[in-house]
Amino acid sequence: MKIFKKVSILFLATLVFTACSNDDDPLPVNEEEVITTLTATLVPVGGGTAVTLQTRDLDGDGPNPPVITVSGPLAAGTTYNGSLALLNETVTPAESINEEIAEEDEEHQFFFQATNNIATFDYVDFDGNDNPVGLEFTLTTTTTGAGSITIILRHEPNKTATGVSDGDITNAGGETDITATFQVTVQ
Amino acid sequence: MKYYVLIVACCFINITHSQNCNSKFFGEVHDFHDGTPIIDANIYIETLDKYTTSDINGKFSVENLCDGKITITVSHLACETKRLDIQISGDTFSVINLEHHIEELNEVQVDGTTTSKLTKTSQETLLKTDAIERFSALSLGDALKQISGVSSINTGNSIVKPVINGLHSSRIIVMTNGVRLQDQEWGIEHAPNIDLNTAGSINVIKGANALAYGGDAIGGVIVLKPSNISLKDSLYGKTIISGQTNGRGYSLNSSLTKTYQQGWYVGAQASLKRFGDFEAPDYSLTNTGLNSKGFSINGGFKTFEKGFNVYYSYLNNDIAILRSSHIGNIEDLVNAINSQQPLVVEDFSYDINAPRQDVTHQIIKADFYKRFKNFGRLEVQYDFQNNHRFEYDIRVGADRDKPAIDLTLKTHTIRTNLKVDSKSNATYEFGMNVGYQNNFANPDTGVRRLIPDYDKYDFGVFAVSGFRLNDNTHLDFGLRYDFNRIDAKKFYITSRWIERGYDVDFGDIVIDDLGTQLLTNPVFDYHNVSASTGIAFKLNERNSIIFNYGLSNRAPNPSELFSDGLHHSAARIELGDLRIKQETSNRISGTYLYEQESFSLNLEAFYNHISDYIFIEPTGTEQTIRGAFPVWGYNQTNAALFGMDMMANYKFNEQWSFNHKSSLIKGRDLSLEQALIDMPSFKTVNILGYSNEKWLRFNSELQSELVLRQNDFPNNNFEVFIPRTEEMVLVDVSSPPPAYHLLHFQSDITLNLSAKTNLNIGLNITNILNTSYREYLNRLRYFADDLGRNFMIQLKLNY
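Sequence order for the protein chains is A and B. Residue numbers for the first sequence follow the numbering used here, beginning at 195 and rising by one. Residue numbers for the second sequence follow the numbering used here, beginning at 1155 and rising by one.
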């Protein structure tokens, strides 16, 4: 009988452990580092209509694809002052990610590309090592046409690799945090 | 019995007031199990240096004894020797029970290496202490690869999961010192939290035939047992130190045990391992170091009739994961696959940076057993396990040092086991276990939970029986029932909930709607029946055969049900499915054994049919702001695994020997009529050994390991649009790496430092030719080559 007593003590001990377990509902996690929205605002030098390019993916890694909007056509032969705004809109109010990137600018770089030679890009902002970052940039259009503009954010790229500081992503390495392609026309 | 002695003693007490030297000590020697008399037992009276033996009825007597205390030792061939103090007071009668049982003998015998197989009719392999100690600096998965048919699935070289006949993770049960390991074993990158140095022996049972351990071991069972405790007054220990060139690290393990003849014992063991970045032949594998710390303490009391054991173990592994394997999107994966070498190669360092894992596993166990005469042995055990897993990703800003995963898994289990072995030709074993498990996913990580909070309840009962029909035939039967309930609280992104169609099928389990997220409470019950039968037949002195059949069911694990998110090293979104049911395996196997002095052969064949086999497959791609990702979803199909394992050993003479191991396995998806993913490819190992006792017990062996390319694989390659180049690119995630051949060498000598102390010095060289290769079952094969040449020196001191 001694054994049965021991068994029952152990059994009761388990019940106590079980009863002690927390029955409250878990807390939701609002992801802090998610970038849901990238907005590129292009303001023509010398006046004209500003153009915004936006990619917005409110469900993060969820099944819905990002929504891509282009506010209007670009003007031919024009230089635009470009700036990027990055937001986490899963939290209210929306949180800006720009500061984080500015603080760790040596570990981040944006890359800009256009097809059909519709535009060229130049970096305006640089990190402590004089390497480009890309939160600020200029976009210059030439002739009329249609094509796409791609903006890529790489985390921990090799900024000293060949061509990277000129904006060529080929040898950059690192991890992709954002990739967005916008279909644009130049009029 | 005590009363008997007392009554007998009382009868004489009145007439023996003074010192009486005419007393007679007489009695009977019985077998503890069935009470039958033991013939020819030696009865030695230590205090008087007198001998006698028991007769055909187990009876003995010694005359002309003086009253007072005598100490006797009763021994018999194949019995546990018993030492008793007897109070002689006139003519004294005593019944002495001896343990006459080979199996149990191993548990209490003196020799530290005596071990035995756990089953008679299964495909079972036993690794003894020597074979384990060689791998002291490595992991359980590495040590088990010595067994034909056991391979491993790796994430780099430090995270090694054993694969038995093509199955791994939740399909394998790992038992350590009687405790079923509960350490989030569902994940491929979750290696068993075992310090190999705590094991004195390892039994590997292929298939689900060892029902006492669980009914869901479709792949097999791995049983690690501590070294046996000897019942004598002794203090012994061992220390193993090794240093190696690859990883520029060391491993240190030390243990000390104190035993007492009465049955008390206490032991402690501790180990440390430290490695820096490992090296492939052509480059350093940046961020692949390891820092491991573990200790265990063990104490209790042990005799043949009763005993208890209290055990505690602690193990912490801090493992760096190859820096280049952390990627952002599918384009990065394409770059990694197409690049001949890892994208990040830095100078050697001991630093352990993100991505990394930091896992702590603790076990507390208490067990108690008692043996009842003419009946059997009852055992009760309680164990508690706490598994705490941190995974650190490469993160930015204030979250840089925050873990991305912080899971605490707590498990309580009570087991009782009754073994009825009073009949010599039949044993019966009954058992029951009750378990409670709680998983807590800390929300402070700021990353959505990969595995949700849950409570899990388990209940199992089993009955196993073994019959010895005659000297050559052994028959086993087993039956088991398991109940599992999982009660989870999980958040789903609303869009995912709808995309999966859960709003239709599981609308009633939503308990809170937070707008973009839903809190749900899935509760699932699973009833599983497993059965096993086997026959072992000895044809003659040299040939024997074994056949067995096993039916087992496995309930889906939390990962298969609830996975929901991006997997960084694979650059894929992995999705579980709440609709997944348990899988059912029917496995038949046959073994042929041939044994003579210079040659032995072991041929094992199996066919494992698994209905509703749970596996993960690509189901499409999804666009996120980071780019496109392939989606892999858990699904069920009917599958068959079949194969053959061979082990052969030939001794040319006292010095030279040859050893061959090979294994072939095929896995088929019967519904889709294609190969199963991640099946080990054909492997053959040939070892030429030379030993010479005269040269300080010199042993050496040259080992050739040939692994062929896996040509049976499902084609999961897909095309993806790369915005940067504006091209569709084929992502080749399926093609296995080419065949490879490696040469290894190992040797050792043993020096006797004193009567009880010896020193074993070993030299091991792995990958002698510094061959560059990649292994199909290494998840980091897309990113880097496997390890290059390594020299290791090992010093083993037994004292």
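Idealized CB from N, CA, C, for every residue including glycine.
Outcome for Leu1693(B) when other beta-carbon atoms lying within 10 angstroms are tallied against a minimum of 16:
With fewer than 16 other Cβ atoms within 10 Å, it is exposed.
Please determine, among Gln1790(B), Asn1331(B), Arg1935(B), Arg1650(B), the residue with the shortest C-alpha to C-alpha distance to Gln1736(B).
The closest CA to that of Gln1736(B), considering only Gln1790(B), Asn1331(B), Arg1935(B), Arg1650(B), is found on Gln1790(B).
Length-filtered (3 minimum) beta strand (DSSP E) runs lying within the region 245-277 of chain A:
Look at the region 245-277 of chain A and you find these whole runs of beta strand (DSSP E), each 3 residues long or longer: 245-250, 261-264.
Proximity test, Cβ basis, 8 Å: Asn1972(B) and chain A
Only positions 1155 to 1953 of chain B appear in this structure, which leaves residue 1972(B) out of reach.
Run down chain B in chain order and give the residues with a C-beta less than 7 Å from the C-beta of Ile363(A).
What Ile363(A) touches in chain B: Arg1878.
Can you pull the DSSP bridge partners for Ser1467(B)?
Answer by DSSP bridge pairing, in chain order: Ser1450(B), Ile1517(B).
Since Val358(A) contacts Ala366(A) with CB under 8 Å, what's their CB separation in whole angstroms?
With a beta-carbon spacing of about 5 Å, Val358(A) and Ala366(A) fall inside the 8 Å limit used to define contacts.
Measuring alpha carbon to alpha carbon, tell me which of Ile1768(B), Val1488(B), Pro1380(B) ends up nearest Val1887(B).
For the residues Ile1768(B), Val1488(B), Pro1380(B), the minimum Cα distance to Val1887(B) belongs to Val1488(B).
Could you tell me the boundaries of the alpha helix (DSSP H) in which Phe1716(B) lies?
Its alpha helix (DSSP H) spans residues 1712-1716.
Chain B beta carbons: is any one of them nearer than 8 Å to that of Asn323(A)?
For Asn323(A), the answer is no, since every Cβ of chain B falls outside 8 Å of its Cβ.
Could you run through the region 1648-1663 of chain B and flag, in chain order, every residue whose CB is less than 7 Å away from some CB of chain A?
Cβ proximity to chain A below 7 Å picks out Ser1649, Arg1650, Glu1653 from the region 1648-1663 of chain B.
Thinking Thr375(A) and Thr344(A) are a contact (beta carbons under 8 Å), I'd like their distance in whole angstroms, please.
Right, their Cβ atoms sit about 5 Å apart.
Taking only beta carbons into account, state which residues of the region 1770-1786 of chain B come closer than 9 Å to chain A, listed in chain order.
Listed by position, the residues of the region 1770-1786 of chain B near chain A (Cβ gap below 9 Å) are Glu1776, Gln1777, Thr1778, Ile1779, Arg1780, Gly1781, Ala1782, Phe1783, Val1785.
Within chain B, partners of Val223(A) - CB distance below 8 Å:
In chain order: Pro1597, Thr1599, Gly1600, Val1601, Arg1602, Arg1603, Phe1645.
Whole angstroms are fine: how far does the CA of Asn1918(B) sit from the CA of Phe1945(B)?
Distance between Phe1945(B) and Asn1918(B), taken at the CA atoms: about 6 Å.
Rounded C-alpha distance that separates Thr1562(B) from Gln1750(B)
Distance between the alpha carbons of Thr1562(B) and Gln1750(B): 52 Å.
Within-8 Å CB hit, Pro260(A) to chain B:
Yes, because at least one Cβ of chain B sits closer than 8 Å to the Cβ of Pro260(A).
In three-state DSSP terms, what is Arg1477(B)?
Of the three classes helix, strand and coil, the one that applies to Arg1477(B) here is helix, per DSSP.
Beta-carbon contacts of Glu283(A) that lie in its chain and below 7 Å, excluding the five residues immediately before and after:
Shown here for Glu283(A): same chain residues with a beta carbon closer than 7 Å to its own, the five before and five after excluded, namely Thr230, Thr231, Leu252 in chain order.
Starting from the beta carbon of Asp255(A), find every residue of chain B whose beta carbon is closer than 7 Å, and list them in chain order.
Per Cβ cutoff of 7 Å: Gly1719, Leu1720, Ile1727, Thr1778.
Taking all protein chains shown into account, do 16 or more other C-beta atoms lie within 10 angstroms of the C-beta of Val1498(B), making it buried, or fewer, making it exposed?
The residue in question, Val1498(B), is buried, as its Cβ has 16 or more Cβ neighbours within 10 Å.
Is Gln1516(B) near Ser1467(B), with beta carbons less than 8 Å apart?
Contact flag set, yes.
Helix, strand or coil at Gly1661(B) [DSSP, three-state]:
DSSP places Gly1661(B) in the helix class (H, G or I) of the three-state scheme.
Give the list of continuous beta strand (DSSP E) stretches no shorter than 3 residues that lie fully inside the region 305-380 of chain A.
Inside the region 305-380 of chain A, DSSP marks whole beta strand (DSSP E) runs of 3 or more residues at positions 313-317, 330-335, 339-349, 369-380, from first to last along the chain.
Please name the residues in the region 224-251 of chain A whose beta-carbon is closer than 9 Å to at least one beta-carbon of chain B, in chain order.
The region 224-251 of chain A vs chain B, Cβ under 9 Å: Asn224, Glu225, Glu226, Glu227, Val228, Ile229, Thr230, Thr231, Leu232, Thr249, Arg250, Asp251.
Within 8 Å of any Cβ in chain A, is that where the Cβ of Ile1322(B) sits?
Correcting the residue type first, residue 1322(B) is His in the shown sequence and not Ile. No - not a single Cβ of chain A is within 8 Å of the one on His1322(B).
Could you please tell me which residues of the region 350-378 of chain A, in chain order, have their CB closer than 8 Å to any CB of chain B?
Of all residues in the region 350-378 of chain A, only Glu350, Ile363, Gly367, Gly368, Glu369, Thr370, Asp371, Ile372, Thr373, Ala374, Thr375 come within less than 8 Å of chain B when Cβ atoms are compared, listed by chain position.
What first and last residue would you give for the beta strand (DSSP E) that runs through Glu1500(B)?
Glu1500(B) -> no beta strand (DSSP E), and no H or E assigned at all.
Could you tell me which chain A residues have their CB closer than 8 Å to the CB of Asp1666(B), listed as they occur along the chain?
Under the 8 Å cutoff, chain A gives Asp219.
In terms of DSSP beta bridges, what is Glu1545(B) paired with?
Answer by DSSP bridge pairing, in chain order: Gln1511(B), Ile1559(B).
Go ahead and label Ile1301(B) buried or exposed: buried means 16 or more other beta carbons lie within 10 angstroms of its beta carbon, across all protein chains shown.
That one is buried.
Check whether the Cβ of Val1883(B) lies closer than 8 Å to any Cβ atom in chain A.
Not an interface residue.
At least one CB of chain B closer than 8 Å to the CB of Pro326(A): is that the case?
Judged by the 8 Å Cβ criterion, Pro326(A) is not in contact with chain B.
Please report the distance separating the alpha-carbon of Ser215(A) from that of Leu1884(B).
In this predicted model, Ser215(A) has a pLDDT of only 47, less than 50, meaning its place in the structure is not dependable; the value taken from the coordinates is given anyway. Those two C-alpha atoms are separated by around 50 Å.
Ordered list of beta strand (DSSP E) runs contained in the region 1268-1347 of chain B, each at least 3 residues:
As far as the region 1268-1347 of chain B is concerned, its whole beta strand (DSSP E) runs of at least 3 residues are 1277-1281, 1304-1309, 1313-1318, 1326-1330.
Residue environment, Cys1165(B), which counts as buried when at least 16 other CB atoms sit within 10 Å:
Interpretation of Cys1165(B) is limited by its pLDDT of 42, a score under 50 that renders its predicted location unreliable; the figure taken from the coordinates is listed afterwards. Cys1165(B) is classed as exposed because its beta carbon has fewer than 16 other beta carbons within 10 Å across all chains shown.
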